[in-house]
Each structure stands twice: as structure tokens, then as C-alpha cells.
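Chain order of the listed sequences is A and B.
This note's numbering puts the first residue of the first sequence at 110, with every later residue one more than the last.
This note's numbering puts the first residue of the second sequence at 120, with every later residue one more than the last.
Don't be surprised by glycine CBs; every beta carbon is placed ideally from N, CA and C.
Down below is the structure, laid out as C-alpha cells.
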Amino acid sequence: MNRTLINRLTEALAVLCAAAGVLILARSATVPVIEGSLADMKVQVVAGPDMERFHTLLDEARRITDSNGDPDPLLQELEGSFPGRHEVWALAARNAAAQGRDGEALLDFARAVRLQPDYLDERSVMFLGKRIEALTGKVMAELDAARTRRDLDSSGKELLKTAYFLRRQMAGGCE
Amino acid sequence: MRFEIKLTYLIFVILVISVSSCKPSTDMSGHKEADISVQPLRIGYMICDSIEETRARFEPLTRYLQDRSGIPFEAVYLNTFEVPEAFERGDLDIVHSNSLLYVIMHEKGLEPLAGEKRGSMGYRSAGGIIVRADSPIKTLADLAGKRMAFGPQLAPTGFLTQYELLIEAGVDPELDLEYYAIPWGAYKHEKVVYGVWFGTYDAAAVPLLDLELMVRDNRIRQEDMRLLARGDPIPYCVFGVGPDVSPDVAGRIRSLLFNLLPGDTAEVEGEILSVLRRAGVDGFVPITDSDFDRVREMARKTNMPPYQKF
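Following this line, the structure appears as C-alpha cells:
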């Protein structure tokens with residue numbers, strides 16, 4: 110009798126663990142883990158025909174993004190060919206934010222800021238600090254819902270690190 | 120005698136100070152600078168549906184820009200056809216207008232500052248031709264010999280687009296329609312929709328954004344209307360900046376527009392108002408002059424300003 114009960118409890122526990130695993134995997138899929146360290150990102154110099162291609166792709170991606178279309182194929186091409194161009198990540202961030210993908214937007218803004226700190230310089234015409242600050246606050250509030258850092262999965266921890274990076278940058282800290 | 124010299128010197132100093140403070144604040148290149156204390160920057164707003172509606176939409180935004188930038192602004196509300204004239208006279212520093220007016224004023228030095236996002240198509244919109252859902256009209260060619268209502272003549276998605284669509288379909292609006300009209304007064308885009316709905320006209324030229332808003336607010340039912348044709352997407356309303364405004368000032372205004380968030384407010388006559396919600400705008404985005412090339416193409420094909428030939 111007791112053994113049957115124990116077996117049933119074990120089965121129920123296994124089902125719960127599997128469900129938790131699926132949930133964690135689903136959550137990881139919605140917030141992609143940042144590849145490599147932000148510190149590894151290097152500014153990419155583009156010239157000649159590549160520059161023309163870069164601007165053509167970027168302009169088209171911007172038009173689609175701001176028309177509420179789906180620029181993801183173009184953005185993926187840009188991210189693959191021009192990962193060291195801040196414009197690509199800033200646009201990807203705007204697109205992700207417009208679609209409510211806040212975590213992804215935060216990571217992309219961080220990449221853009223890493224390559225071009227003027228996004229957080231209020232005197233710069235490129236300043237997007239108010240948007241970045243609002244997004245960081247929103248993501249931090251969601252992460253704060255977890256009781257401790259241990260409660261966060263790997264993508265959550267990466268997101269928290271990135272949010273702290275942006276907060277340091279906004280506060281004028283050095284890296 | 121020494122007292123008279125001192126007095127003359129004092130008067131001279133006062134005169135110099137007075138004259139220098141009256142002089143318009145410009146930089147070496149003649150641009151208007153940010154610290155203008157005498158002469159505010161004039162923002163010309165094209166009246167959309169009525170002056171009251173346009174003022175209610177944009178007064179909080181003007182106040183917000185002023186409060187945040189420290190630059191004094193004066194809002195000027197003008198009828199569509201008056202906007203290019205006022206800009207050419209040098210009466211406007213910044214202009215909020217539709218894309219066709221932008222193209223006209225670009226010929227006189229207006230440059231794009233920010234695009235306006237509104238509705239499902241973002242910073243772009245499109246024009247369409249609608250008929251009643253139960254209408255026997257199935258194609259654009261069927262419109263020959265029919266009655267049609269258009270929006271105002273300088274409306275890119277309420278007139279220009281549809282005029283081009285008809286010409287491309289081989290229907291000359293001036294010769295082949297039985298009759299076409301443009302309603303009088305305010306809210307013309309709504310009037311043309313109701314003109315078709317009540318059967319006064321067989322078809323109407325309508326901006327799809329306006330139709331979208333009417334459906335959203337239950338002022339018309341989507342299933343009661345049929346979209347016969349739609350034009351290419353072109354920029355919706357846009358902020359442009361004149362050549363007299365310094366790049367620094369233009370950059371500060373652009374930055375404020377790009378950073379506007381739904382929670383941002385401004386105080387107008389003692390009321391705290393949401394800037395974006397009151398303006399009915401989702402946000403402002405970068406825009407370039409090449410975004411308007413399709414509008415230019417339409418204007419050339421339909422013999423509209425700034426390419427009109429008589």
C-alpha cells in the first residue's frame with residue numbers, strides 16, 4: 110500500500126519536473142541568450158560596395174520596422190553581415206520593443222550602446238536614453254519579481270547583467 | 120562737464136545693450152539658435168479635420184517641446200493650402216504636414232525631422248477607393264460614368280493616390296466619371312465615407328487610416344464597405360525643419376520627439392495631458408527624404424504641385 114503511494118508520488122513528481130523543464134525551455138526560447146560578452150563587441154568599419162549594401166538593407170529594414178511590418182529576415186541578414194554596426198542593433202532593439210519583446214530589445218540596445226555610447230549621451234542627436242531607461246526599468250521590475258538571483262534561469266541572469274550594464278552606462282560609469 | 124561725459128557714456132552703454140538684445144539670435148551661418156529669448160520658433164501645424172481638433176491634438180506636444188528644450192515655441196494652425204505659402208514667406212521654422220505638402224516645401228528648403236507613427240501601418244499610410252459592400256461595382260474600370268467623392272485636393276491618401284489609381288486603370292477622373300466632388304468644411308475624409316454609405320456617391324477616395332479609425336470607434340462597420348483598390352504605402356504626417364533653424368536646435372527637437380513615451384505629459388491651461396495620447400500618435404520615428412520618392416512619382420503622374428504644368 111505504502112509502496113503504491115510512493116510510486117504514485119514519484120510519478121507525479123516526475124511529471125511536475127518535466128513540465129517545469131518545458132516551461133524553462135519555453136522561457137529561454139523567448140529571451141535569447143546574449144552570445145559572447147558585450148565587451149567582445151568591436152566596431153566594424155564598412156567601406157565601398159559593402160557600405161552601399163549596408164545602407165540599402167538598413168534603410169529597407171527601417172521602413173518595414175516603422176511600418177509595423179516584419180523586418181526579421183532583413184535584420185538577421187544585417188546582424189550576420191554587420192554585427193559591429195551600432196545602427197543594426199539600435200534598429201533591432203526598436204523593432205523588438207515595438208513588438209513587446211522587452212528582453213530582446215534590452216539586449217540589442219546594450220549591444221548598440223556598447224558600440225556607440227552616444228545613444229546615452231543627452232547632448233547627442235542619437236540620444237535614445239529616455240527610451241532605454243524606461244525599458245531597463247521595466248525589465249528590472251520583471252526580474253525583481255524573482256526572489257533571488259538563484260531563481261533566475263541563465264537567460265534571466267544574462268538579462269540582469271545586461272540591465273546592470275545599461276544602468277551603469279546611464280549613470281556615467283566606466284567599463 | 121565730467122558729469123555730462125559720464126551721462127553720455129552711460130546712455131551709449133544702455134543703447135548698445137538694448138540694440139544687441141533686440142537683435143535676432145543667430146549663429147555665424149544665420150541659423151536660429153536655441154537661446155532665443157525674443158523670437159520664438161514658429162511651428163506650423165496643418166489643420167487636419169478642424170482647427171479645434173488640431174489645436175487640441177498638438178497644443179500639449181508644443182508645450183512639452185518647449186518645457187523640455189527650453190526653447191520658446193509658437194504654434195500656428197493653418198489650412199492645408201496656406202502652409203506652403205507661409206513656409207515660403209519664412210513665417211514658419213518647423214512644419215507638421217502631410218507628405219505631399221512636405222514634398223512641395225522640400226523644394227523651398229524643408230528637410231525631414233521625424234515621421235509620425237499612427238495606426239496599423241506605422242509611419243506610413245495608404246489611400247483606397249471604397250464602395251458599399253452591396254455595390255455592383257467590382258473593378259476600377261466600372262467607375263466610368265459613376266459619381267465619386269474625393270478628399271481635399273492636397274491630401275496624399277485622400278486624393279492623390281486615388282487619382283493615380285484611376286489614371287493607371289484608364290479612367291480619367293476629369294472626363295470619365297459622371298461627376299466628382301470634394302465636400303465642404305471640416306472632417307472631409309469622414310464625409311466621403313458617409314457619402315457612400317448613404318448612397319449619395321457610388322465610390323469614395325478615403326485614407327485607409329481614417330477608415331481604420333472610424334471602424335475602431337464603431338462609426339462605420341467594416342463589413343458595410345468594400346475596398347475596391349488600394350495605393351502604395353507612403354509616409355503619413357511628418358515634422359519638417361526649415362533652413363533657418365540650426366542643426367543643433369533641430370537635433371534637440373528630433374531627440375525629444377524620438378524619446379517621447381506614452382507616460383509623458385504636459386500642462387495646458389492647468390490640465391495635465393498625455394502628449395502622445397492627446398495627439399493620437401503612437402510615436403515619432405526617423406525619416407529620410409527618399410521616403411517621399413513615391414509621393415513625388417504620384418504627383419508627377421497626376422500633374423500635381425510641385426510639378427504641376429498648365
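Check, Outcome
"Segments of 3+ residues assigned as beta strand (DSSP E) that fall wholly inside the region 227-299 of chain B", "230-236, 246-251 and 266-268"
"Inter-stretch contact (C-beta, 8 Å, three-pair minimum) for the region 239-255 of chain B and the region 318-327 of chain B", "yes"
"Interface partners of K239 of chain A on chain B, CB under 7 Å", "N378 and L380"
"Beta bridge counterpart(s) of Y164 of chain B as assigned by DSSP", "B:Y196 and B:H215"
"Beta-carbon gap between L211 of chain B and G163 of chain B smaller than 8 Å", "yes"
"Per DSSP, cross-strand counterpart(s) of I353 of chain B", "B:S244"
"Pair within 8 Å by beta-carbon distance, K239 of chain A and L380 of chain B", "yes"
"Distance between beta carbons of V290 of chain B and A263 of chain B, contact taken as under 8 Å", "5 Å"
"Among B:A260, B:L259 and B:K307, nearest to A268 of chain B - alpha-carbon criterion", "B:K307"
"Range covered by the alpha helix (DSSP H) that runs through E152 of chain A", "Before going on, a small fix: residue 152 of chain A reads as Val here, not Glu. It is not in any alpha helix (DSSP H) - V152 of chain A carries neither H nor E in the DSSP assignment."
"Within chain B, the residues that V234 of chain A reaches when beta carbons sit closer than 7 Å", "G370, R373 and S374"
"Closest Cα partner of L184 of chain B within the set B:T407, B:S409, B:R419 and B:T384", "B:T384"
"Residues near D343 of chain B by beta carbon distance below 8 Å, same chain, minus five either side", "R251, A252 and W316"
"Cα-Cα separation between Y299 of chain B and H215 of chain B, rounded to whole angstroms", "29 Å"
"Closest Cα partner of E171 of chain B within the set B:A305, B:R182 and B:I301", "B:A305"
"Under 7 Å by beta carbon: chain B residues contacting D230 of chain A", "In chain order: nothing, as chain B lies at least about 10 Å away."
"Entirely enclosed alpha helix (DSSP H) segments - the region 187-211 of chain A, minimum 4 residues", "195-207"
"Neighbour flag for R171 of chain A against chain C, beta carbons, 8 Å", "The structure shown contains no chain C; the protein chains it does contain are A and B."
"First and last residue of the uninterrupted beta strand (DSSP E) at I241 of chain A", "Looking at the DSSP string, I241 of chain A is not in any beta strand (DSSP E); the run it does join, the alpha helix (DSSP H), is G238 to D253."
"Contacts of N204 of chain A in chain B (Cβ-Cβ under 7 Å)", "Within 7 Å Cβ-Cβ: nothing; N204 of chain A doesn't reach chain B, min ~11 Å."
"Sequence-distant residues of the same chain with beta carbon closer than 7 Å to R413 of chain B, five excluded per side", "D351 and I353"
"Test: M165 of chain B CB closer than 8 Å to a CB of chain A", "no"
"Same chain, Cβ closer than 7 Å to E242 of chain A, five either side skipped, listed in chain order", "M279"
"CB of M423 of chain B within 8 Å of CB of L279 of chain B, strictly", "yes"
"P203 of chain B burial status per 10 Å Cβ neighbour count (16 or more: buried)", "buried"
"Which of helix, strand or coil DSSP assigns to S144 of chain B", "Low confidence applies to S144 of chain B: its pLDDT is 48, below 50, so where it sits in the model is not reliable, and the reading given next is rough at best. Looking at S144 of chain B - three-state DSSP - the assignment turns out to be coil, as it is neither helix nor strand."
"Extent of the continuous beta strand (DSSP E) run through E388 of chain B", "From DSSP, E388 of chain B is part of no beta strand (DSSP E); its letter is neither H nor E."
"Any chain A beta carbon closer than 8 Å to Y221 of chain B", "no"
"Interface partners of A243 of chain A on chain B, CB under 7 Å", "L380"
"Residue range of the alpha helix (DSSP H) that includes F377 of chain B", "P366 to F377"
"Selection from B:E297, B:L220, B:R371 and B:G209 that minimises the alpha carbon distance to R232 of chain A", "B:R371"
"Residue burial classification, S170 of chain A (beta-carbon count within 10 angstroms, cutoff 16)", "Per the sequence shown, the amino acid found at residue 170 of chain A is Ala instead of Ser. With 16 or more other Cβ atoms within 10 Å, it is buried."
"Straight-line gap, T173 of chain B to L197 of chain B (C-alpha atoms, nearest Å)", "10 Å"
"Residues in the region 229-240 of chain B having any Cβ partner in chain A nearer than 7 Å", "G234, K236, S239 and M240"
"T199 of chain B versus B:L180, B:S374, B:Y426 and B:C356, residue with shortest Cα-Cα distance", "B:C356"
"Local Cβ density within 10 Å of A121 of chain A, reported as buried at 16 or more and exposed below that", "exposed"
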